[in-house]
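**Student:** Count along the sequence shown from 1, add 1, and you get the number used in the working numbering.
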Amino acid sequence: MEKIKQFYIKYRHGIPLLIYMGIYLTWFAWLEKNNVKNYQVIHVSLDDYIPFCEFFVVPYFLWFAYVALVVVFLFFRNKQEFNRVCVFLFTGMTVFLIISTLWPNGHHLRLTEMPPRDNIFIRAVTFLWGIDTPTNIWPSIHVYNSMGAHFAVLRSAQLENKRGLKIASGILAFSIILSTMFIKQHSVFDVMTGIALGSFMYALVYRREAVLASRAQKRLKKRISI
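#1: Just the C-alpha distance for P60 and S180, rounded to the nearest angstrom, thanks.
#2: Would you check if there are 3 or more beta carbon pairs closer than 8 Å linking the segment 145–159 to the segment 74–88?
#3: Bridge partners of T136, per DSSP?
#4: From what residue to what residue does the alpha helix (DSSP H) around Y50 run?
#5: Among K163, E161, F76, S101, which residue has its Cα nearest to the Cα of D191?
#6: Could you check what DSSP says for Q186 in three-state terms: helix, strand or coil?
#7: Tell me which residue opens and which closes the alpha helix (DSSP H) that E33 is part of.
#8: Should the segment 168–180 be regarded as contacting the segment 107–118, the criterion being three or more beta carbon pairs within less than 8 Å?
#9: Leaving out the 5 sequence neighbours to the left and right, which residues in its chain are closer than 6 Å to T134 when beta-carbon positions are compared?
#10: Please check the pair Y67 and L173, which I expect to be a contact at CB under 8 Å, by giving their CB distance rounded to whole angstroms.
#11: If you reduce the DSSP assignment to three classes, tell me which class K81 lands in.
#12: Check for me: the alpha helix (DSSP H) holding L155 runs from which residue to which?
#13: Given a threshold of 16 other Cβ atoms within 10 Å of its Cβ, counted over all protein chains shown, does L160 qualify as buried or as exposed?
#14: How long is the line joining the alpha carbons of I5 and K185, rounded to whole angstroms?
#15: Among H151, V206, F183, whose alpha-carbon lies nearest the alpha-carbon of I51?
#16: Based on DSSP bridge pairs, tell me the residues matched to V42.
#17: Hey, quick one: how far does the alpha helix (DSSP H) through F8 stretch, first residue to last?
#18: Can you find the residues in the same chain that come closer than 6 Å, C-beta to C-beta, to M148, ignoring five residues on each side of it along the sequence?
#19: So N106 and I196 are supposed to be a Cβ contact under 8 Å. How far apart are they, rounded?
#20: Straight-line CA distance for Q41 to V73?
#21: When we look at the beta-carbon of V189 and count the other beta-carbons within 10 Å, is it buried (16 or more) or exposed?
#22: With distances taken from CA atoms, which of H187, F201, A204, L205 is nearest L47?
#23: Under the rule that 16 or more other beta-carbon atoms within 10 Å means buried, what is T194, buried or exposed?
Shown next, in the form of structure tokens:
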């Protein structure tokens, strides 16, 4: 019993994550079931110039492991940074759910016929399209959460000197963002609004704290000098 109590005290900061994911997945499943007919079609002219490239399905699927690994790493290594990335992710995902509920949306970008070639990437895209409807796309959570994961890597105290890892994280995040358009999962509009929301949340969650910390250090130096 004492070990269970100690385990709970040590890892109880993970409870909000479990609760939120239960709410998010249930809400998202409801949206996927109900927003399949009457929805606003999202399309911008730039969408028509982006070619289909099945190879980008790889970074698209890597998104699931990427975000999960960053969250799990921070969960075990730094409670404060874990809470910070959860605030970032939960906020954007909730905004997405609310928008999709109040303003059902989707796109008509998927190919009517696949290119005349057969490879594992084409089959992976076909599988993806079969389980994921082209609805509930704005803003792109793939884009937003990739930004959140990368910001967490950049600002992690444990990864401060891991330059190679930070570069790899940036490349993967950028590849995931591109993948949403090249395998016709999202419109450019979804991507740009996802980037805008991610940038805004970065200023609130990360940049604001850095500014406050800098100001606190300056005040401390002034007191010491006096």
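We put the CB at the ideal spot given by N, CA and C, even for glycine.
**Tutor:** Result, derived from the coordinates:
#1: 7 Å
#2: yes
#3: G107
#4: Run containing Y50: none; DSSP gives neither H nor E here.
#5: S101
#6: coil
#7: 16–35
#8: no
#9: E33, V37
#10: The Cβ separation is near 6 Å, so the contact holds.
#11: Reading off the sequence shown, one finds Gln at residue 81, where the question assumed Lys. Reduced to three states, the DSSP call for Q81 is helix.
#12: 142–156
#13: buried
#14: 47 Å
#15: F183
#16: G107
#17: Residues 3–12.
#18: G199
#19: Contact annotation, N106 with I196: C-beta distance approximately 17 Å; criterion of less than 8 Å not satisfied.
#20: 36 Å
#21: buried
#22: H187
#23: buried
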